[in-house]
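Enquirer: To convert a position in the sequence shown, counted from 1, into my numbering, add 211. Submitted below is the structure of interest, expressed as structure tokens.
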Amino acid sequence: MDSIMRKINQEPGFKRSSTLYNGLAQPLRRDHAMKITDVKPIPTQPTEYSRRANRTWTFVQIDTDEGITGYGEATNYPGGGSLVVASTINQVRET
């Protein structure tokens, strides 16, 4: 746990507080909004199970101007496949 907390506290945009948040990382106050700089699709290869269940996933990596990277999921439920979603995200990125 200590190594995880050290890593979190070294991330840009966070500071350590020993009182209010019991030593956990807390967001810094900003005078501007954080901006998303890139969204990268990560389509998954369907497994035999996911093909039968019509379930494929596309994860997204989201980068910000503050150097923070996050991950999420994109879908076009009820179906169409992860490659369709990834292709759409790439088309939007290029515009």
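C-beta: ideal position from N, C-alpha, C; glycine also. Being a predicted model, the structure only gives us computed values, none of them experimental.
Taking all protein chains shown into account, do 16 or more other C-beta atoms lie within 10 angstroms of the C-beta of A297, making it buried, or fewer, making it exposed?
Expert: Position 86 of the sequence shown holds residue 297. So A297 counts as buried.
Enquirer: As a quick exercise: from T299, S293, N301, pick the residue whose alpha carbon is nearest that of Q256.
Expert: As a first step, residue 256 must be located in the sequence shown, where it is residue number 45. Checking every option, the nearest Cα to that of Q256 belongs to S293.
Enquirer: Less than 8 Å between the beta carbons of T269 and T286, yes or no?
Expert: For the purposes of this step, residue 269 is identified with residue 58 of the sequence shown, where counting begins at 1. For the purposes of this step, residue 286 is identified with residue 75 of the sequence shown, where counting begins at 1. Between T269 and T286, the C-beta spacing is below 8 Å.
Enquirer: Exposed or buried, which one is T267 when buried takes at least 16 other CB atoms within 10 Å?
Expert: As a position in the sequence shown, residue 267 is number 56, starting the count at 1. T267 is buried by the Cβ-count criterion.
Enquirer: Quick one: grab the DSSP three-state call for N301.
Expert: Translated into the one-based positions of the sequence shown, residue 301 becomes position 90. If DSSP states are grouped into helix, strand and coil, N301 belongs with the helices.
Enquirer: Is P252 closer than 8 Å to V271 when the C-beta atoms are compared?
Expert: The count along the sequence shown starts at 1 and reaches residue 271 at position 60. The count along the sequence shown starts at 1 and reaches residue 252 at position 41. Yes.
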